[in-house]
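Accompanying notes for the structure given below.
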Amino acid sequence: MKAEIIAVGTELLLGQVVNTNATFLAKELAGLGIEVYHQSVVGDNGGRLLEQLK
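The opening residue of the sequence shown carries number -19 in my numbering; numbering runs sequentially from there.
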């Protein structure tokens, strides 16, 4: 099984906050045998999030 992690937050894009949640999730998923094949960050913008989900 494969997974993608999409983090949402303009503060992540601007480097104001470190995305420790994605690191945690990737490790947990790997422990369950799930391969994380892509990680992305989207700002607080509904339109951009919808595009990422397509």
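In this text, a Cβ means the ideal position worked out from N, Cα and C, and glycines have one as well.
Values in this document were obtained by computation on a predicted structure and should not be read as measured data.
Query: If you reduce the DSSP assignment to three classes, tell me which class Gln(-4) lands in.; Result: coil
Query: Can you check whether the CB of Leu9 is closer than 7 Å to the CB of Asn(-1)?; Result: no
Query: Do you know offhand how far Phe4's Cα is from Gln32's?; Result: 21 Å
Query: Going by beta carbon distance, what residues of the same chain come within less than 6 Å of Gln19, once the five residues before and after it are set aside?; Result: Ile(-15), Ala2
Query: Quick check on DSSP: helix, strand or coil for Lys34?; Result: coil
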